[in-house]
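J.:
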């Protein structure tokens, strides 16, 4: 309702038509209605005193859009100002534009042209830069060729299911000629990676993916990505050997952050970690003997202090920026490389040849689509971290995509329990080549499985070669 109601129109039948308006009415009509306020309620207190001008610091030229936004709705309910809890400053409304970019995965994603791009630029010119390189087989370092080749095969649906399940009833995949010739292996290699999830598990992942399109990141993590990671790793092949943890609250130690711009800490959502056996745990405890704040990783988050990270996962809803995710995993893995350098240097003498760092796989999940990247770095101060990729290798909104994701995760899990564990035991923990019981027992497994009535699998036994 307006503050002042305009006087109604007077008709010739009114009682004062012959003698002119009533004196009181004439006086009322002569009053000037107040003009609309020139400023919003947020700035009235600055104009109470005559001649008092607003403080120049309250508005910069660059904040003109904000001023216009504040003056748009004078009747808006007043709300408390929002403050940045870290520095006590009021948050400014973002006026930066958002553009759409086409990534290497072929998907149109929202790319923030403001803060994330600025931070990425900072990392490129930092003392220890973080640089992204597009996947190209001709440019890949030799040591990364095999892992990229295998993930690339999974990304085009090659050998994501064992051949013995081709005749499952009901079929595991929709009727498609490509499925028959590509998805099923011909050499029984798929069974060596781990068990296939049963049909109920796959159907549950599909249902949750389809109803979670507009849900928040935490909902995706709890209902979908945890279910996928469980299907890949919670089985006899990986039990007691590797595990996955939600580490969305794990902060990087500030001294390990790359020296760039704001040096804002970054974290990721999940980490696939090595589970230590007794000998490995004793070696880690020996390293920590003189340091109460010791962590084997780049964070002091308690669950990760004694669990070496092998694979890091960053989750983003479908509409969020790819560049932001790439920045997060870049800073996270850059800090981890610095920590691994420190651990290696603890045993090295000045005359020793510096041992190379292991490459580290990174997974970025954007909505239902999963992408593979891998990071590498040379030893020494001022060396750059290079992140290669991405390759999209699966989509949890269809059956084939779920099997692609599970196959890739289990392949990377095998890499973690063989190549990475062997490097970590030998170089970081200084154990003999076959020093840990866990490392000695991680050999390609033969899984005796049979189809369930629902078309999935049930693991009956697991035979491991421990020689």
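In full-length UniProt numbering, the protein residues as written are 1 to 467.
Glycine included, every Cβ here is placed at the ideal spot set by N, Cα and C.
1) For residue 214, count neighbouring Cβ atoms within 10 angstroms of its own Cβ and tell me buried if that reaches 16, exposed if not.
2) Tell me which same chain residues have a C-beta within less than 7 Å of the C-beta of residue 159, skipping the five on either side of it?
3) With distance defined between alpha-carbon atoms, name the residue in 258, 280, 199, 329 nearest to residue 365.
4) Where DSSP assigns a beta bridge to residue 271, which residues make up the other side?
5) Nearest CA to the CA of residue 318: which residue from 396, 232, 199, 172?
6) Check residue 374 in the structure and name its three-state DSSP category.
7) May I ask which residues mark the beginning and end of the beta strand (DSSP E) holding residue 362?
8) I think residue 428 touches residue 343, with their Cβ atoms under 8 Å apart; what is that distance to the nearest whole Å?
9) Just list the residues that DSSP pairs residue 161 with in beta bridges.
10) Going by beta carbon distance, what residues of the same chain come within less than 6 Å of residue 176, once the five residues before and after it are set aside?
11) Nearest to residue 315 by CA position, among 224, 345, 204, 165, is which residue?
12) Give me whichever residues DSSP pairs with residue 299 in a beta bridge.
13) Which residue marks the beginning of the beta strand (DSSP E) containing residue 131, and which one marks its end?
14) For the alpha helix (DSSP H) that contains residue 405, what are its first and last residues?
15) What residues in its chain sit with their C-beta under 6 Å from that of residue 266, if we drop five residues either side in the sequence?
16) Which residue's Cα is closest to the Cα of residue 403: 299, 347, 212, 182?
17) Does the beta-carbon distance from residue 393 to residue 417 come in below 8 Å?
18) Is residue 152 helix, strand or coil when you go by DSSP?
19) Are the CB atoms of residue 360 and residue 336 nearer to each other than 8 Å?
20) How long is the line joining the alpha carbons of residue 232 and residue 195, rounded to whole angstroms?
21) For residue 426, which option in 209, 309, 347 has the closest C-alpha, if you only look at C-alpha atoms?
22) For residue 151, which residues of its own chain have a beta-carbon under 7 Å away from its beta-carbon, when the five flanking residues on both sides are left out?
23) Say the cut is 7 Å; is the CB of residue 334 nearer than that to a heavy atom of the ligand SAH?
24) Could you tell me which residues DSSP pairs with residue 391 in its beta bridges?
25) Consult DSSP for residue 386 and reduce its assignment to one of helix, strand or coil.
26) Is DSSP giving residue 288 helix, strand or coil here?
27) Tell me the DSSP secondary structure of residue 167 in three-state form.
28) I'd like the list of long-range same chain contacts for residue 252, defined as Cβ closer than 8 Å, with 5 residues on each side in sequence excluded.
29) Alpha carbon to alpha carbon, what distance is there between residue 313 and residue 165?
30) Excluding five sequence neighbours on each side, which residues of the same chain lie with their C-beta closer than 7 Å to the C-beta of residue 358?
31) Drop a sphere of 10 angstroms on the beta-carbon of residue 349, count the other beta-carbons inside from all chains shown, and report buried for 16 or more, exposed for fewer.
32) Kindly indicate the opening and closing residues of the alpha helix (DSSP H) around residue 210.
33) Using DSSP with H/G/I as helix, E/B as strand and the rest coil, what is residue 379?
34) Hey, how far is the Cα of residue 255 from the Cα of residue 171?
35) Could you tell me the distance, in whole angstroms, from the CA atom of residue 136 to the CA atom of residue 388?
T.: With the given structure in hand:
1) With fewer than 16 other Cβ atoms within 10 Å, it is exposed.
2) Excluding residues within five positions, the ones whose Cβ falls inside 7 Å are 153, 185, 189, 190.
3) Taking only the C-alpha atoms, the option nearest residue 365 is 329.
4) Residue 271 is bridged by DSSP to 245, 312.
5) Here the closest residue by C-alpha is 396.
6) Correct three-state label for residue 374: strand.
7) Residue 362 -> beta strand (DSSP E) spans 360 to 366.
8) By a beta-carbon distance limit of 8 Å, residue 428 contacts residue 343. Their separation comes to about 5 Å.
9) Residue pairing by DSSP places residue 161 opposite 184 in a beta bridge.
10) If we look at residue 176 and ignore the five residues flanking it on each side, it has no Cβ neighbours.
11) Ranked by Cα distance from residue 315, the first of 224, 345, 204, 165 is 224.
12) The partner list for residue 299 (beta bridge, DSSP) reads 252.
13) 130 to 133 is the span of the beta strand (DSSP E), which, as asked, contains residue 131.
14) Counting along the chain, the alpha helix (DSSP H) containing residue 405 begins and ends at 399 to 415.
15) Cβ neighbours of residue 266 beyond the five flanking positions: 328, 331, 332.
16) Taking residue 403 as reference, the option from 299, 347, 212, 182 with the minimal CA-CA separation is 182.
17) The answer is no: Cβ separation not under 8 Å.
18) Three-state result, residue 152: helix.
19) Taking C-beta atoms as the reference points, residue 360 and residue 336 count as a pair closer than 8 Å.
20) Approximately 8 Å between the Cα atoms of the pair.
21) When only C-alpha atoms are compared, the closest one is 347.
22) These residues qualify, in order along the chain: 372, 391, 393, 408.
23) The ligand SAH is absent from the structure shown, which contains no ligands of any kind.
24) Per DSSP, 372.
25) Three-state DSSP puts residue 386 in a strand.
26) Coil.
27) Residue 167 falls in the coil class under three-state DSSP.
28) Closer than 8 Å at Cβ, skipping near neighbours: 265, 266, 267, 298, 299, 331, 332, 335.
29) Using only the alpha carbons, I get a separation of about 30 Å.
30) The residues 420, 423, in chain order, have a CB closer than 7 Å to that of residue 358 in the same chain once the five nearest residues on each side in sequence are set aside.
31) It is exposed - the Cβ of residue 349 has fewer than 16 other Cβ atoms within 10 Å.
32) Its alpha helix (DSSP H) spans residues 199 to 211.
33) When secondary structure is reduced to three states using DSSP, residue 379 falls in the coil class, being assigned neither helix nor strand.
34) Distance between the alpha carbons of residue 255 and residue 171 is about 53 Å.
35) Rounded to whole angstroms, residue 136 to residue 388 spans 9 Å at the Cα level.
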